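Remarks on the structure that follows.
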Amino acid sequence: MNTKKPNSLVRLLPYLLIGIYFGIVFTKSEVISWFRIQEMFRFQSFHMYGIIGSAVVVAMLSVQWIKKTKKHDLDGEEIVIPPKELGSGTRYWLGGTIFGLGWALTGACPGPMFALVGNGLTVMVVAILAAVAGTFTYGILRPHLPH
Amino acid sequence: MIEFISQPWPWYIAGPLIGIVVPALLLLGGKQFGISENLRHICAMIPSKVAFFQYDWKNGLWNLTLIFGVILGGWIGSNWLRSSDPVAISEATQSDLAALGITDFNGLAPSDLFSWDGLTHSPGIILIVLGGFLVGFGTRYAGGCTSGHAISGLANLQLPSLIAVVGFFAGGLIATFFLLPLILGA
Numbered sequence: 018m019n020t021k022k023p024n025s026l027v028r029l030l031p032y033l034l035i036g037i038y039f040g041i042v043f044t045k046s047e048v049i050s051w052f053r054i055q056e057m058f059r060f061q062s063f064h065m066y067g068i069i070g071s072a073v074v075v076a077m078l079s080v081q082w083i084k085k086t087k088k089h090d091l092d093g094e095e096i097v098i099p100p101k102e103l104g105s106g107t108r109y110w111l112g113g114t115i116f117g118l119g120w121a122l123t124g125a126c127p128g129p130m131f132a133l134v135g136n137g138l139t140v141m142v143v144a145i146l147a148a149v150a151g152t153f154t155y156g157i158l159r160p161h162l163p164h
Numbered sequence: 428m429i430e431f432i433s434q435p436w437p438w439y440i441a442g443p444l445i446g447i448v449v450p451a452l453l454l455l456g457g458k459q460f461g462i463s464e465n466l467r468h469i470c471a472m473i474p475s476k477v478a479f480f481q482y483d484w485k486n487g488l489w490n491l492t493l494i495f496g497v498i499l500g501g502w503i504g505s506n507w508l509r510s511s512d513p514v515a516i517s518e519a520t521q522s523d524l525a526a527l528g529i530t531d532f533n534g535l536a537p538s539d540l541f542s543w544d545g546l547t548h549s550p551g552i553i554l555i556v557l558g559g560f561l562v563g564f565g566t567r568y569a570g571g572c573t574s575g576h577a578i579s580g581l582a583n584l585q586l587p588s589l590i591a592v593v594g595f596f597a598g599g600l601i602a603t604f605f606l607l608p609l610i611l612g613a
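Chains E and R supply the protein sequences, listed in that same order.
Under the numbering used here, the first residue of the first sequence is numbered 18, with each subsequent residue one higher.
Under the numbering used here, the first residue of the second sequence is numbered 428, with each subsequent residue one higher.
Put into structure tokens, the structure is as follows:
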């Protein structure tokens, strides 16, 4: 373990900057627009597919490079990406479908919900609170759900 | 330059700019890109006896800081780097939405539905509150959202993430073609 405090302001600052960068990219690329999400689910534009697809390609190439070269992070710790367990697979297709229903209705996944608040669509605070309630409900029901 | 960044950014600029954050977070502190974890951290701040939320939410402070930055970034993007044009969605989408009674394409979302005033009418409440609830429930059940599964999960070539992404689209298509017409009463 490193001795530096993980939550000191200096160590949190890069994450604040990455967040600001994200908020700007989300806004300028219009992925936070309800209209763009509708356009995507109606297969009427390449815009969203291009964004998600090229993001995946860039992330994939760099993650494979990190793994292959056994890169360490800035603290000198080995970078490990714990694999997701498949299990029965139920949680992925069922949870994914439930998420997709909400994504198309609100026109926003979690990141854009926050970016929209910054854009002045303050009513999305209600969507965020509803999403917190949804996560809380999942936490309660978790022992009874198939995973 | 300012004129260029004030325009909406094309996909081949925005996509790589988003994707590069995945290795940046890994190299910075071994962190995995996953926005919806924050919803769980917020639940963990609330005193409860639910086992799923019994952990120190301060371990996720880096992620909560990031999402606070996203709000600020949205504010910066809209106040200083904005073009005033409406989102240039395709004509096909405009006519599909017009058939559902949505004809105002100014702003980032239909203003009569996604506004405090819209929240007082049934279609607005359903889209915002039910939609938000399903996003929060579904993402934790699936173990990730667009960032955790569609981007960093697929980037790590994980089969569970591919299944989740297929689910995202199945749900999105059901909502778009069956639920939305019902909710909007068209």
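Just so it is clear, CB atoms sit at the ideal spot from N, CA and C, and this is done for glycine as well.
Remember, predicted model here, so these are calculated numbers, not experimental data.
Rounded to the nearest angstrom, what separates residue 460 (chain R) and residue 120 (chain E) at their Cα positions? 19 Å
Coil, strand or helix - residue 64 (chain E) by DSSP: helix
Give me the subset of the segment 479–497 of chain R whose CB atoms are less than 7 Å from a CB atom of chain E, sorted by chain position. 479, 480, 485, 488, 489, 492, 493, 494, 495, 496 and 497
Residue 614 (chain R) vs residue 541 (chain R) beta-carbon contact at 8 Å: Only positions 428 to 613 of chain R appear in this structure, which leaves residue 614 (chain R) out of reach.
Whole-angstrom Cβ separation of residue 546 (chain R) and residue 143 (chain E), contact assumed at under 8 Å? 6 Å
I need the straight-line Cα distance from residue 458 (chain R) to residue 493 (chain R), nearest angstrom please. 12 Å
Classification of residue 464 (chain R) by the beta-carbon crowding that lies within 10 angstroms, buried from 16 upward: buried
Assumed close pair residue 127 (chain E), residue 520 (chain R) - CB separation to whole angstroms, cut-off 8 Å: Actually they are not in contact, since the Cβ atoms of residue 127 (chain E) and residue 520 (chain R) sit about 23 Å apart, beyond 8 Å.
For residue 591 (chain R) versus residue 109 (chain E), is the C-beta spacing smaller than 8 Å? yes
Do the segment 483–503 of chain R and the segment 43–53 of chain E touch if we need at least three Cβ pairs shorter than 8 Å? yes
Look up residue 19 (chain E) in the DSSP assignment and say whether it is helix, strand or coil. With a pLDDT of 47 at residue 19 (chain E), under the threshold of 50, the modelled position of that residue is not reliable, and no figure is offered here.
Go through its chain and collect everything with a Cβ distance to residue 132 (chain E)'s Cβ below 7 Å, but skip five positions before and after it. 40, 43, 44 and 49
To be precise: take each residue of the segment 551–562 of chain R, compare its Cβ to all Cβ atoms of chain E, and keep it if any distance is under 7 Å. Which residues remain? 554, 555, 556, 557, 558, 559, 560, 561 and 562
Limits of the alpha helix (DSSP H) - the one that residue 43 (chain E) falls within: 26–45
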